[in-house]
Every structure is written in structure tokens, then in C-alpha cells.
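2 protein chains.
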Amino acid sequence: MSYKEKKVITIGVVSELTGLSERQIRYYEERKLIFPERTKGGTRKYSFTDVERLVDISNKMEDGMQTFEIRKMEQKQLRQTELREKMLRGQLNAAFNIRK
Amino acid sequence: MSYKEKKVITIGVVSELTGLSERQIRYYEERKLIFPERTKGGTRKYSFTDVERLVDISNKMEDGMQTFEIRKMEQKQLRQTELREKMLRGQLNAAFNIRK
DNA sequence: CGTGTAAGGAATTCTGACACG
DNA sequence: CGTGTAAGGAATTCTGACACG
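See below:
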């Protein structure tokens, strides 16, 4: 796993990097938009990918979007990505079968 | 600046990532081998580059090297890198001057 | 709904020092 | 020299709740 995805940053630093309050960051977790890991003691740990996602969430919130809309939108994008990959695989298989 | 060099990791996480004790990590700073940043409150913050350097230091310590030797070695490598670049620039300049 | 805040407690980190060797 | 540890304090984070709207 690359450094970008490694969960190592505490909430205070994430707050500085994103400009969001700790309250907001915890709330977005409650709304299933972000998934930090925890230390044994229970302290949250975030990755740079999480930081990027939070900035994105922040922009969407400023545009008046609600948390559940953001969640839905991300799920939709995920489904479409999967669909695209599925179709691509299908075409590759077809091309392969024609040749043999 | 890339994520790899951004100082965002607290000493507890660095300890886990490197296998070094917090005492060791602070001591290597005292010996000028590592240079974390600080939060306003005074908490140390490290980068992934620092983590890599600490693993390297750890290996050298296991090989019986002393902290001042490690520091000297790194300074030496830095000087040689600078020297190489200097010579390279010199050759490029010479080649350029010949042509004009 | 999204966010601020005060509250009390727990986890984390800090420094300076003593110890061993 | 390099590292462990106990000590006391400060900074950081956590949760659940009340407030506003």
C-alpha cells in the first residue's frame, strides 16, 4: 500500500490540512463519508487520501449539498466505475474468443 | 511538496511504523539525525521520508555504527552528491562553450 | 441537518533526570 | 553512548449531550 493510503494522521493535523473543524470531520464519519482507523487507545488515524476526500466533501457542502447526497453520489460513481470495468473485461474476452 | 515529505505523523505512529521506541526516536533527533516539525503545542510531527530515514538509521545502529558516524556518513554522501552535480554542470558548460 | 461548545475523562506526548554500563 | 523508566505536567483526542435552527 502506498503512503497516500496509509492511515497515520491524527485529527488535529487533518483539521489543519483541510480547514475543517474536528467536529465536522467526526460528523462526516458519523454520516459514513469517511472511515478512519483507530489506535489501540481509540485515537482516529487518517490517510492523505482521506484528506483529499474531505476537501472534496467540504467543497460539496459549500455548494449546498447534503451529506446523504454526497454519499449517494459516491456510491453511484463507484457503481459506474465497476460497470465500465465489467464491460471492458467483456470486450476483451470477446476479442480473445474470436481469435482462438 | 509531495505527501512523502509532509510532516504529519506523530511519534507514536512513527514508533509503530519503524519498530523503534519513542525514546530512541527522540534521541536520534538530539543527535541531529532527524528533524521533525512541531505543532503549536510542541508535539513532534514526522514525514514518511523521516520514517524511511529512521529505518535506515535503525539498520546502521544494529550494525554497530554510532550516531556520530551515521551523521558523518550522511554529510559525506551529501557532499559527494553536490560534487557530482557540480562536475556535471561544468562538463555541460564546457560542451556548450566549445560549440559557440 | 450541520455545527459550535462546555464537560469530564482518557490517551498521547513532552521534558529533565536517574540508572546502567 | 544508547536506551529504559518513573514523574509530573501539558497538549490532544474522545464521547455524549445541549443548543440553534
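For the protein sequence lines, the chains are B and F, in the order given.
FYI, the numbering for the first sequence is 1 to 100, going by UniProt numbering.
FYI, the numbering for the second sequence is 1 to 100, going by UniProt numbering.
We treat Cβ as the ideally placed atom computed from N, Cα and C, and that holds for glycine.
None of these values were measured; they are calculated from a predicted model.
Open item on the list: So with CB distances below 9 angstroms, who are the chain B contacts of phenylalanine 35 of chain F?
Closed with: Those do not exist, as phenylalanine 35 of chain F stays about 17 angstroms from chain B at its closest Cβ, beyond 9 angstroms.
TODO: Check the DSSP bridge columns for arginine 89 of chain B and list the partner residues they point to.
DONE: Its beta-bridge partners do not exist; DSSP assigns none.
TODO: Spell out whether any CB of chain F is found under 8 angstroms from the CB atom of threonine 18 of chain B.
DONE: no
Task: Opening and closing residue of the alpha helix (DSSP H) in which valine 55 of chain B lies - done: 48-62
Task: Straight-line gap, tyrosine 46 of chain F to glutamate 5 of chain F (C-alpha atoms, nearest Å) - done: 9 angstroms
- [ ] Check the DSSP bridge columns for glutamate 37 of chain F and list the partner residues they point to.
- [x] F:Lys45
Task: Given threonine 57 of chain B as reference, the closest of B:Ile11, B:Arg84, B:Gln80, B:Gly19 once Cα atoms are compared - done: Correcting the residue identity first, residue 57 of chain B is isoleucine in this sequence and not threonine. With distances taken between Cα atoms, isoleucine 57 of chain B lies closest to B:Gly19.
Open item on the list: Using the Cβ count rule (16 or more neighbours within 10 Å means buried), how would you classify leucine 83 of chain B?
Closed with: exposed
Task: Assigned exposure category for arginine 48 of chain B - 16 Cβ within 10 Å defines buried - done: In the sequence as presented, arginine is not what sits at residue 48 of chain B; that position holds phenylalanine. So phenylalanine 48 of chain B ends up on the buried side.
- [ ] Spell out whether any CB of chain F is found under 8 angstroms from the CB atom of isoleucine 9 of chain B.
- [x] yes
Task: Span separating the alpha-carbon of glutamate 69 of chain F from that of aspartate 63 of chain F - done: 12 angstroms
- [ ] Taking 8 angstroms as the threshold, find out whether the stretch 30-47 of chain F comes into contact with the stretch 76-94 of chain F through three or more Cβ pairs.
- [x] no
- [ ] List the residues of chain F that glycine 12 of chain B touches, going by C-beta distances under 8 angstroms, in chain order.
- [x] Thr39
Open item on the list: Taking DSSP's pairing of strands, which residues face isoleucine 9 of chain B in a bridge?
Closed with: B:Tyr46, F:Ile9
Open item on the list: On the CB-based measure, 16 or more other CB atoms within 10 Å of its CB, does arginine 53 of chain B come out buried or exposed?
Closed with: buried
Open item on the list: Please report the distance separating the alpha-carbon of glutamate 16 of chain B from that of valine 51 of chain B.
Closed with: 10 angstroms
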